[in-house]
Amino acid sequence: MKTRKNRELVLVFKTLGDINRYRIFRSLIEKKHMVVSNIAKTLSISMPLSSQHLKILTLSGLVNKKKHGRSVYYFLNLDNWSVRSIIKVFPINKKVSNK
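If you count the sequence shown from 1, position 73 lands on 73 in full-length UniProt numbering, and the numbers rise without skipping.
Laid out in structure tokens, this is it:
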């Protein structure tokens with residue numbers, strides 16, 4: 001495997017190694033796009049914590065965001081090969097738990 005891909009994989013594992021970021025990622029697989037308030041409510045975490053984790057997911061290239069009016073929608077970066085690979089592994093029909 002190429003060195004660049006190795007670095008990308010390490011970044012993906014580090015990013016998703018946090019349980020809340022993993023749960024956000026899983027939620028975005030199931031819901032396609034979400035705003036911070038929905039993510040916070042779904043995962044029973046605060047909006048500032050949700051925003052912090054979404055920033056990390058965005059900086060890592062796993063998640064994109066798009067502003068629509070006053071709302072910012074977050075969605076998976078399907079142009080990222082690692083995101084597409086991870087989606088193939090997760091069963092989409094299982095709900096993300098609050099634990």
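Ideal Cβ positions, reconstructed from N, Cα and C, are used throughout, including at glycine.
Relative to the C-alpha of GLY69, which residue among ILE56, MET47, ILE29 and VAL35 is closest?
Comparing Cα positions, the closest option is VAL35.
Option in VAL10, SER44 and ASN38 with minimal Cα separation from LEU62:
VAL10
For VAL63, which of helix, strand or coil comes out of DSSP?
strand
Work out the CA separation of ARG26 and GLU8 for me, nearest whole Å.
Whole-angstrom Cα-Cα distance: 19 Å.
Name the DSSP beta bridge partners of TYR73, please?
LYS66
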